[in-house]
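Below is one structure; the comments refer to it alone.
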Amino acid sequence: MNKKELIVSRISSFPTLPVMTHRLLKALNDPENAAAEIARIIQIDPALTANVLKAANSSYLGFRRPANSLSEATFRLGTKWIFQIAVSSLIYSNLNRPAAGYDMSGEELWRHSLATALMAESLSTLLKIRDSGLIYTAALLHDMGKIVMGEFVADCFKDIQRIISEKNISFELAEEEILGVSHTEIGAMLAESWHFPTLIIDCIRWHHNPDLYSQNEPAIDVVHIADATCLMEGIGLGRDDLQYRLSDKAVTRLNLSSNLLELAISQTLLSLEDIENMFR
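In our numbering, the protein residues as written are 9 to 288.
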């Protein structure tokens, strides 16, 4: 078994996401019934219900009177916000794991993933891009391939660095050359094994290289820009992350102005710390 085959074989042992993640995504795509259906799905799981109500009643949101039910929380906060908290709660345990070869603790990886998801959501709203639920989920999961790849990257890190220096290529391409597969490919394979929609799989696979995608897909550009911007802000930097560049073409395709980008960054930074506290 070569290195790639060994890495791919680890996918089957990676913890699966709760089935409710898929149900929430499906419910969000039915606007007429989304609020009631999302509340119904959340109520099945007492721990998830408690997490959502804890978030809804956090000091960050500043309500004078606590929400005592999911229906009240949904009415106050909106379906999209409740969806984000629920999906983040479900995915938290899968992502709060160290990625050793990238020199990232579980907490650092989770913080970067959450920030990227918040940034992607902000950009989607400001740019009026559809499928914000899928984009948020894809951004939250975009680096999960690093968890699978971590120990293999650690073992071959010197070789990866040597190839980067000799050939002036990205960390991702160096991964492919040394290990036969990159963390973006492994992340996409994981998402595919969990039967996620194609859009989520493609956002994960191409989040470092949106210009190589065969079609014009705004969701991929949004996740790419969200990831790159969070890295430039120093949120969750690993060994590899300063070696990726923001695609000017992606910015142009979205017609994203510097003012809108700055607004999205401000919104993300303002909410990140408080929302992080909801998961502690």
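For glycine and all other residues, C-beta sits at the position ideal for the given N, C-alpha and C.
Short Cβ contact (9 Å threshold) for residue i with residue j
i	j	result
Leu32	Leu126	no
Lys245	Glu116	One detail in the question is off: residue 245 reads as Leu in this sequence, not Lys. Cβ distance < 9 Å, so Leu245 and Glu116 count as in contact.
Arg213	Ala236	no
Gly109	Phe160	yes
Ala81	Val60	yes
Leu149	Ile243	no
Ile233	Leu262	yes
Ala64	Ala75	yes
His216	Ser265	no
Selected residue, minimal CA-CA separation from residue i, among the options
i	options	result
Thr57	Phe91, Tyr221 and Asn37	Phe91
Glu270	Leu131, Ile177 and Phe165	Leu131
Pro106	Asn285, Ser266, Arg247 and Ala227	Arg247
Thr260	Gly86, Leu135 and Tyr100	Leu135
Ile49	Ala55, Met28 and Asn41	Met28
Asp229	Cys238, Leu239 and Pro218	Pro218
Met240	Tyr221, Leu278 and Ile273	Ile273
Ala94	Arg73, Ala108 and Lys62	Lys62
Ile137	Gln51, Asn263, Asn10 and Ala227	Ala227
Pro54	Ser77, His30, Leu148 and Glu40	Ser77
Glu129	Met157, Cys164, Trp89 and Ile168	Trp89
Ile15	Asp210, Glu193 and Glu225	Glu193
Pro26	Ser79, Tyr100 and Arg84	Tyr100
Residue burial classification, residue i (beta-carbon count within 10 angstroms, cutoff 16)
i	result
Asn102	buried
Thr87	buried
Asp38	exposed
Leu36	buried
Ser97	buried
Ser2	Because residue 2 is not part of the residues shown, which for the chain are 9 to 288, the question remains open.
Asp167	exposed
Residue i CB to nearest heavy atom of the ligand PLP below 8 Å
i	result
Ser21	Inclusion of the ligand PLP in the displayed structure is not the case, the ligand content being empty and no account of it being possible.
Mind the definition here: the stretch 251-258 touches the stretch 110-130 only if three or more C-beta pairs lie below 8 Å; say whether that holds. no
Whether or not the stretch 140-149 and the stretch 177-194 are in contact is what I'm after, with contact meaning three or more pairs of Cβ atoms, one per stretch, closer than 8 Å; do they touch? no
Could you say if the stretch 150-164 and the stretch 189-204 meet the contact criterion of at least three C-beta pairs nearer than 8 Å? yes
Segment contact flag, the stretch 198-211 with the stretch 14-25, C-beta cutoff 8 Å, min 3 pairs: yes
Hey, which unbroken runs of the alpha helix (DSSP H) at 4 residues or more fall wholly within the stretch 28-79? 28-36, 42-51 and 54-64
Runs of beta strand (DSSP E) wholly within the stretch 231-261 (minimum 3 residues, chain order): none
Jot down the residue ranges of each uninterrupted alpha helix (DSSP H) in the stretch 156-191, minimum 4 residues, whole runs only, in chain order. 165-175 and 179-187
Please go through the stretch 188-227 and give each complete alpha helix (DSSP H) segment of 4 or more residues, from N-terminal end onward. 191-201 and 206-213
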